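> All you need for the working numbering is the position in the sequence shown, starting with 1, plus 251.
For glycine and all other residues, C-beta sits at the position ideal for the given N, C-alpha and C.
All values derive from a computational prediction rather than experimental measurement.
Right, I'll just put the structure down here and ask away after.
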Amino acid sequence: MTPSRHATRRSSSEGGRSRELALILAGRTWLGGKIRSIEIGIDEEGTIRAIGRSLRGAPRHDVGESFLLPSATDLHVHFRDPGRESDVEDFATGTLQAALGGLGLVADMPNTRPRVDTLDRLRAKEARAQGRALVDVLLYAAATPRASLDALARRAGAFKLYLSPTTDVDEVPTGADLDRLLARVAATNLPLSVHAEDPARFHQEIEPANPPDWNRVRPVDAERTAVDALLRGPSGLRLHVAHVTDATIAGRLRNEGASFEATPHHLLLSERSGDGAKFKVNPPLRSERRRRALWEAFVRGEIPCLASDHAPHSSEEKQRPFPLAPSGMPNVETMLPLLLARVRAGDLPLPILLAAACDRPARWIGQPRGRIALGHRADLLVVDFRVRRTIAARNLHAPCGWTAFEGWEGIFPREHYLRGRRIVEGGEFVGGHGGIIVRPEFAPTRAPPQPRPIAE
Ligand code: NCD
Ligand code: ZN
């Protein structure tokens with residue numbers, strides 16, 4: 252690269268890093284409260300080093316009328332790696348869907364086979380992700396009473412705690428065991444995501460035959476009591492509540508300054524959206540009234556994070572009788588496209604989506620990404636809001652081969668850059684430049700930041 256005068260001015264070293272640009276992306280984005288034309292200068296290491304109107308000194312790629320947006324971070328995926336013989340997903344297939352769905356970082360849950368509750372198992376899982384992951388990965392460790400949390404905390408990206416049984420989770424801590432566990436997790440200073448349902452409130456006497464029954468078996472009340480117990484926990488806990496389904500619980504968590512997430516299925520689907528076990532998920536899909544209230548809270552920017560809870564059970568498993576079928580649905584490729592389509596339809600402000608999908612999840616796990624800002628990772632998407640696609644399982648890349656969003660509209664990123672290198676072009680995966688395993692790089696934000704512009 253022959254630096255122009257302009258680039259030379261920018262090439263002064265900062266913190267030992269060269270500021271010379273390797274690539275300039277030009278397009279439109281949402282910046283400072285409005286749509287603007289911008290140029291983003293990216294260095295050789297894949298960090299955003301310049302934001303301006305006419306940058307020079309590196310090859311320039313102009314995306315025209317399309318938008319340049321930060322890649323999203325998904326705090327909740329189940330890639331089943333390592334898994335059972337019958338599990339259809341692994342790090343390669345899961346991160347391919349993530350790349351195509353606009354996610355630059357996915358946080359993988361520890362309810363694998365075996366469960367990630369020892370250092371050896373964590374290392375073994377790292378080895379499986381290394382070289383296979385096509386986007387960046389953060390690994391959760393399981394917070395259980397017997398686990399050696401200090402050792403795990405030095406290597407894991409975050410902890411996950413299950414308060415109720417779910418896929419591959421049978422035993423859960425209660426009472427004094429739970430109090431002790433929360434205090435031990437708080438002492439490690441690592442973020443903690445919690446599956447918050449209280450099984451004492453489940454109605455096991457109901458034999459479920461469909462999603463409305465499942466909603467009665469595991470009611471909102473179970474979520475409420477679990478969240479209440481967590482909020483009585485130690486104040487130093489970097490708490491994040493997974494898959495919140497109810498707007499009043501969301502309001503309570505917000506008032507307490509806790510982080511939490513909602514999934515696209517709880518925001519867009521209700522217990523009446525589909526019959527059959529493909530719509531069986533934990534926590535259950537709720538009534539249409541509750542779903543609408545959750546969606547409205549999301550649109551107002553009151554739900555800090557969006558997360559997929561991608562749980563890819565095979566079609567065969569989902570064809571079992573309802574009570575025996577496993578809970579969970581795939582969503583990692585469709586999460587952002589579904590929500591970008593809501594933006595295009597005028598139902599959801601773009602900055603609200605970017606805050607929930609990109610900025611706040613990255614902050615919670617202490618990662619410098621999720622905004623078009625100097626020093627941030629150049630994980631970027633090119634999105635053309637004029638190009639809509641009808642979602643169909645046969646066109647997706649999930650080995651499980653089905654989606655609960657068949658026939659829905661999606662806007663898929665046309666290009667995806669991971670650390671400044673293009674991995675998706677024309678909606679197709681074009682290159683494995685390699686994801687890395689990441690951990691928090693700065694103190695995770697406990698309180699969810701309020702909606703704000705995505706770039707200074
Ligand atoms: C998840 C799975 O299958 O791993 N299932 C689900 O219904 N969400 C586990 C979980 O998050 O509860
Ligand atoms: Zn989950």
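Go ahead and pull the three-state DSSP assignment for Ile-299.
As a working note, residue 299 is residue 48 in the sequence shown. Here Ile-299 sits in strand by DSSP.
> Does DSSP classify Asp-598 as helix, strand or coil?
Translated into positions along the sequence shown, residue 598 becomes position 347. Note: Asp-598 maps to coil in three-state DSSP.
> Evaluate contact between the segment 628-636 and the segment 303-318, counting only Cβ atoms and requiring at least three cross-stretch pairs below 8 Å.
Cβ pair count under 8 Å is three or more, so yes.
> Leaving out five residues on either side along the sequence, give the residues of the same chain with a beta carbon under 6 Å from the beta carbon of Ala-460.
As a working mapping, residue 460 is identified with position 209 in the sequence shown. Once the five neighbours on either side are set aside, the close Cβ partners of Ala-460 are Phe-573.
> Near Leu-347, which residues of its chain fall below 7 Å by C-beta distance, leaving aside the five closest residues on each side in sequence?
For this step, residue 347 is matched to residue 96 along the sequence shown. Answer for Leu-347: Leu-385, His-648 and Phe-680, listed in chain order.
> If we call anything under 8 Å between Cβ atoms a contact, is Asp-630 one with Leu-591?
For the purposes of this step, residue 630 is identified with residue 379 of the sequence shown, where counting begins at 1. For the purposes of this step, residue 591 is identified with residue 340 of the sequence shown, where counting begins at 1. No, the Cβ-Cβ distance between Asp-630 and Leu-591 is not below 8 Å.
> Please classify Ala-277: does DSSP put it in a helix, a strand, or coil?
Locating residue 277 in the sequence shown gives position 26, where the first residue counts as 1. Looking at Ala-277 - three-state DSSP - the assignment turns out to be strand.
> What do you get for Glu-456, buried or exposed, if any count of 16 or more other CB atoms within 10 angstroms of its CB means buried?
Position 205 of the sequence shown, counted from the first residue, corresponds to residue 456. So Glu-456 ends up on the exposed side.
> Between Ala-493 and Gly-308, what straight-line distance do the alpha-carbon atoms span, to the nearest angstrom?
As a first step, residue 493 is located in the sequence shown; it is residue number 242 there, counting from the start. As a first step, residue 308 is located in the sequence shown; it is residue number 57 there, counting from the start. Approximately 44 Å between the Cα atoms of the pair.
> Less than 6 Å between C-beta atoms, sequence neighbours within five positions excluded: which residues of the same chain meet that for Gly-487?
The residue labelled residue 487 in the question sits at position 236 within the sequence shown. If we look at Gly-487 and ignore the five residues flanking it on each side, its Cβ neighbours are Ala-437.
> From the DSSP secondary-structure annotation, give me the bridge partner or partners of His-517.
Along the sequence shown, one-based indexing puts residue 517 at 266. None; His-517 has no bridge partner.
> Within 7 Å: the Cβ of Ala-277 and any heavy atom of ligand 2?
Position 26 of the sequence shown, counting from 1, holds the residue named residue 277. It does not: the Cβ of Ala-277 is nowhere closer than 7 Å to a heavy atom of ligand 2.
> Could you spell out the range, first to last residue, of the alpha helix (DSSP H) harbouring Leu-545?
Here residue 545 refers to the residue found at position 294 of the sequence shown. Leu-545 -> alpha helix (DSSP H) spans 539-550.
> Compute the distance between the beta-carbons of Phe-453 and Ala-477, then report whether it is under 8 Å.
Here the question's residue 453 lines up with position 202 in the sequence shown. Here the question's residue 477 lines up with position 226 in the sequence shown. Going by C-beta atoms, Phe-453 is not nearer than 8 Å to Ala-477.
> Skipping 5 residues on each side, what residues in its chain have a beta carbon closer than 8 Å to that of Thr-324?
Stepping through the sequence shown from its first residue, residue 324 is reached at position 73. Excluding positions up to five away in sequence, the list reads Leu-354, Gly-355, Leu-356, Val-357, Ala-358, Ala-608, Cys-609, Pro-612, Ala-613, Ile-616, Gln-618, Arg-620 and Gly-621.
> Below 8 Å, how does it come out for the segment 420-435 and the segment 395-407: are there three or more Cβ pairs, yes or no?
A contact exists between the segment 420-435 and the segment 395-407.
> Kindly indicate the opening and closing residues of the alpha helix (DSSP H) around Gly-345.
Working through the sequence shown from its first residue, we reach residue 345 at position 94. Its alpha helix (DSSP H) spans residues 342-351.
> How far does the beta strand (DSSP E) with Leu-390 in it extend, from its first residue to its last?
The residue labelled residue 390 in the question sits at position 139 within the sequence shown. Start and end: 387-393.
> For Met-586, is the beta carbon positioned less than 7 Å from some heavy atom of ligand 2?
Working through the sequence shown from its first residue, we reach residue 586 at position 335. Checking every heavy atom of ligand 2 against the Cβ of Met-586, none is found closer than 7 Å.
> Can we count Asp-341 as close to ligand 1, meaning its CB is less than 7 Å from some heavy atom?
Stepping through the sequence shown from its first residue, residue 341 is reached at position 90. Asp-341 Cβ: outside cutoff for every heavy atom of ligand 1.
> Determine, using beta carbons only, whether Trp-465 and Lys-531 come nearer to each other than 8 Å.
Taking the sequence shown and counting its residues from 1, one reaches residue 465 at position 214. Taking the sequence shown and counting its residues from 1, one reaches residue 531 at position 280. Yes, the Cβ-Cβ distance between Trp-465 and Lys-531 is below 8 Å.
> According to the neighbour-count rule (16 or more other Cβ atoms, all chains shown, within 10 Å of its Cβ), is Arg-469 buried or exposed?
The residue you call residue 469 lines up with position 218 of the sequence shown. Buried, because 16 or more other Cβ atoms sit within 10 Å of the Cβ of Arg-469.
> Given 7 Å as the limit, tell me if Val-367 has its C-beta closer than that to any heavy atom belonging to ligand 1.
For the purposes of this step, residue 367 is taken as the residue at position 116 of the sequence shown. Incorrect: Val-367 has no Cβ contact closer than 7 Å to ligand 1.
> Please classify Asn-646 as buried or exposed, where buried requires at least 16 other C-beta atoms within 10 Å of its C-beta.
Taking the first residue of the sequence shown as 1, we reach residue 646 at position 395. Exposed, since its Cβ has fewer than 16 Cβ neighbours within 10 Å.
> If distances are taken between C-alpha atoms only, which option among Ser-538, Ala-409, Cys-651 and Leu-433 comes closest to Asp-497?
On the sequence shown, position 246 is the one that residue 497 refers to. Among Ser-538, Ala-409, Cys-651 and Leu-433, the Cα nearest to that of Asp-497 is on Ser-538.
> Do three or more CB pairs link the segment 330-345 to the segment 409-416 at distances below 8 Å?
Judged by Cβ distances under 8 Å, the segment 330-345 makes no contact with the segment 409-416, as fewer than three pairs qualify.
> Just the C-alpha distance for Pro-702 and Gly-508, rounded to the nearest angstrom, thanks.
Residue mapping note: residue 702 aligns to position 451 of the sequence shown, counting from 1. Residue mapping note: residue 508 aligns to position 257 of the sequence shown, counting from 1. Summary for Pro-702: the model assigns pLDDT 37, below 50, so the residue's position carries little reliability; its value from the coordinates is reported in the next sentence. Each residue's alpha carbon lies about 14 Å from the other.
> With 16 as the cutoff for other CB atoms within 10 Å, does Asp-371 come out buried or exposed?
Taking the sequence shown and counting its residues from 1, the one referred to as residue 371 is at position 120. Looking at its Cβ environment, which holds fewer than 16 other Cβ atoms inside 10 Å, Asp-371 is exposed.
> If contacts are defined as beta-carbon pairs under 8 Å, then His-561 and Asn-533 qualify, I think. What distance do you get, rounded to the angstrom?
Stepping through the sequence shown from its first residue, residue 561 is reached at position 310. Stepping through the sequence shown from its first residue, residue 533 is reached at position 282. Going by Cβ atoms, the distance from His-561 to Asn-533 rounds to 13 Å, so no, they are not a contact pair.
> Just to confirm, are Cys-651 and Val-339 a CB contact at a threshold of 8 Å?
On the sequence shown, residue 651 is found 400 positions in, with the first residue counted as 1. On the sequence shown, residue 339 is found 88 positions in, with the first residue counted as 1. Yes.
> Considering only heavy atoms of ligand 2 and the C-beta of each residue, which residues fall inside 6 Å, strictly closer?
Having a Cβ closer than 6 Å to some heavy atom of ligand 2 are His-327, His-329, Met-360, Asp-560 and Ala-562.
> Return yes when the Cβ of Ala-644 is within less than 8 Å of the Cβ of Gly-525, no when it is not.
Residue 525 sits at position 274 when you count from the first residue of the sequence shown. Residue 644 sits at position 393 when you count from the first residue of the sequence shown. Not a contact, by the Cβ cut-off of 8 Å.
> Taking DSSP's pairing of strands, which residues face Val-420 in a bridge?
Taking the sequence shown and counting its residues from 1, one reaches residue 420 at position 169. DSSP output for Val-420 lists Thr-417 as bridge partner(s).
> Is there at least one non-hydrogen atom of ligand 1 closer than 7 Å to the beta-carbon of Val-471?
Indexing the sequence shown from 1 puts residue 471 at position 220. For ligand 1, not one heavy atom lies less than 7 Å from the Cβ of Val-471.
> Along the chain, where does the beta strand (DSSP E) containing Lys-285 start, and where does it finish?
Mapped onto the sequence shown, residue 285 falls at position 34. Taken as a continuous stretch (DSSP letters only), the beta strand (DSSP E) holding Lys-285 covers 285-294.
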